[in-house]
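Single-structure report; data block below.
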Amino acid sequence: MARESTLSIDGLTLSYRCAGDPRSPWLVLLHGWPQSKSIYDPVLDELGRDVHAIAFDLPGIGGSLGMPPAASPCELHVLAGLLLRAAESLGAHSIVFAGVDIGGMLAFAAAREHGARIAGAVVMNTVIPGVAPWSRLIAEPRIWHFAFHAIPQLPELLVSGRERAYFDYFYDLLAGDKHALTNETRNDWTRAYQRPEALKAGFDWYRALESAAQRNASPVRIDTPILYLRGDAGGRDIDDYADGLRKAGAANLRSQLISGSGEFLPIEAPAATCEALRAFRAELELGHAA
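Residue numbers (our numbering): 36 to 325.
If you want it as structure tokens, here you go:
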């Protein structure tokens, strides 16, 4: 059964839930916006049969308190490095970083910036800043919130006290089946952002996207194996994302479309998500043995 705990690092408290034997290879699971670590509750115990699966609340969100003491604390590569060090402080080894939405951007940052320290990365249902089709996507009216969330202070002013109603718009828009996100799940995620510092932390991720895009715009060779997963309910062509990642330097990439799911793969398609993650891990182990 999954167990919950916290750790302290760099003056922060990070809350996490984990399952499995810590002697097994590690799978670090990262949520997106506006979610918490509980997005992985439907898959954590099942994944823990094969690996040590650990899901963090990102810094400042939910049970994770405080923000990194850095000039740009929400820079994606800074957050990726912090979370990697947090996992390593718990004894993590043979690490695969996996994330949905913002968590997927962090998984890519881990592969790009810290590839020698991880075995693989899984990017789920997101576009990577500065990597095609990024420029085309953020120009779409449907993606209006990227620009709005990047405005200093205004999103906090307008959303504070109305978090559930605001978040529901995105839950309903991005889910393949909005009923898959129960009232309990929505309430749990909303509570994770109701502290003023938590709400700001979530919007600060969007404020960091421009600098992440500039950083990622210069291709570098990424030898770390990357799996790109996407639900098919959004109707977007997964090949656009895979081609962009290859052009950004991903030299060892595979991609997979998950049927019957939207943005929230671990909740909407838990069995298929577990199967894809297991197959990726098995491929990594086979490659290592070879």
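Each residue gets a CB set at the ideal place from its N, CA and C atoms; glycine is no exception.
None of these values were measured; they are calculated from a predicted model.
(request) Can you grab the Cα-Cα spacing for the pair A285 / A252, in whole Å? (result) Taking the CA atoms as reference points, A285 sits about 13 Å from A252.
(request) Take the Cβ of M36 as the centre, count every other Cβ of all protein chains shown within 10 Å, and call the residue buried at 16 or more, exposed below. (result) Exposed, since its Cβ has fewer than 16 Cβ neighbours within 10 Å.
(message) I'd like the list of long-range same chain contacts for A142, defined as Cβ closer than 7 Å, with 5 residues on each side in sequence excluded.
(response) The answer, listed in chain order, is L65, F132, A133, G134, A156, V157 and V158.
(request) Find the nearest neighbour of Q287 within the set I293, D278, G295 and G95, judged by alpha-carbon distance. (result) The identity of residue 287 in the sequence shown is Asn, whereas the question assumes Gln. Looking at the Cα atoms, D278 is the closest of the given residues.
(request) Can you check DSSP and say which residues form a bridge with S246? (result) Beta-bridge partners of S246 (DSSP): none assigned.
(message) Would G266 and I293 be called neighbours here (beta carbons separated by less than 8 Å)?
(response) In this structure, I293 lies closer than 8 Å to G266 by Cβ.
(request) Kindly indicate which three-state DSSP category R38 falls into: helix, strand or coil? (result) Correct three-state label for R38: strand.
(request) Verify whether the separation of the beta carbon atoms of G126 and A88 is less than 8 Å. (result) Not a contact, by the Cβ cut-off of 8 Å.
(message) Here's a check: name, in chain order, each residue in its chain whose Cβ is nearer than 6 Å to the Cβ of R52, leaving out the five neighbours to either side.
(response) The residues are A37, E39, K72 and A90.
(request) Just tell me which of G322, W224, S195 and P260 has its CA closest to the CA of A146. (result) Comparing Cα positions, the closest option is P260.
(request) Tell me whether the beta-carbon of Y228 lies closer than 8 Å to the beta-carbon of P69. (result) Yes, the pair counts as a contact, with Cβ atoms nearer than the cut-off.
(message) Rounded to whole angstroms, what is the Cα-Cα separation between A44 and V113?
(response) Residue 44 is actually Ile in this sequence, not Ala. About 14 Å.
(message) Looking only at its chain, what residues have a beta carbon closer than 8 Å to the beta carbon of E198, apart from the 5 residues adjacent to it on each side?
(response) The answer, listed in chain order, is P69, T225, Y228, Q229 and L234.
(message) Suppose you measure from the CA of I273 to the CA of L264; what does that come to, to the nearest Å?
(response) Rounded to whole angstroms, I273 to L264 spans 8 Å at the Cα level.
(request) Quick one: give me the first and last residue of the alpha helix (DSSP H) that M140 is part of. (result) For M140, the enclosing alpha helix (DSSP H) starts and ends at I137 to E148.
(request) Please confirm if the stretch 159 to 176 is in contact with the stretch 186 to 195, defined as three or more CB-CB distances below 8 Å between the two stretches. (result) Taking a cut-off of 8 Å for Cβ pairs, the stretch 159 to 176 and the stretch 186 to 195 do not touch, as fewer than three such pairs fall below it.
(request) Taking all protein chains shown into account, decide if L321 is buried (16 or more other Cβ within 10 angstroms of its Cβ) or exposed. (result) Exposed: under 16 other Cβ atoms inside 10 Å.
(message) What does the Cβ neighbour count give for A106, buried or exposed, with the cut at 16 atoms within 10 Å?
(response) Note that A106 scores 45 on pLDDT, short of 50, meaning its location in the model is unreliable and no value can be drawn from it.
(message) Tell me which residue opens and which closes the alpha helix (DSSP H) that S129 is part of.
(response) Boundaries cannot be given for S129, as no alpha helix (DSSP H) includes it and DSSP labels it neither H nor E.
(request) Measure the alpha-carbon distance for F181 versus R242 and round it to whole angstroms. (result) Roughly 9 Å separates the two Cα atoms.
(message) One question on the structure: do A268 and S296 come within less than 8 Å of each other, judged by their Cβ atoms?
(response) Taking 8 Å as the Cβ cut-off, A268 and S296 qualify as a contacting pair.
(request) Look at the Cβ atom of M140, then the Cβ atom of A236, and state whether they are nearer than 8 Å. (result) Not in contact: M140 and A236 (Cβ atoms no closer than 8 Å).
(request) Tell me whether Y75 is buried or exposed, calling it buried when 16 or more other Cβ atoms sit within 10 Å of its Cβ. (result) Counting the other Cβ atoms within 10 Å of the Cβ of Y75 gives 16 or more, which makes it buried.
(message) Considering only DSSP beta bridges, list what C53 is partnered with.
(response) DSSP lists R38 and I89 as the beta-bridge partner residues of C53.
(request) Give a yes or no on whether the C-beta atoms belonging to D136 and G67 are separated by under 8 Å. (result) Yes, the pair counts as a contact, with Cβ atoms nearer than the cut-off.
(message) I'd like to confirm the pairing. Which residues does DSSP put opposite Q291 in its beta bridges?
(response) Q291 pairs with L264.
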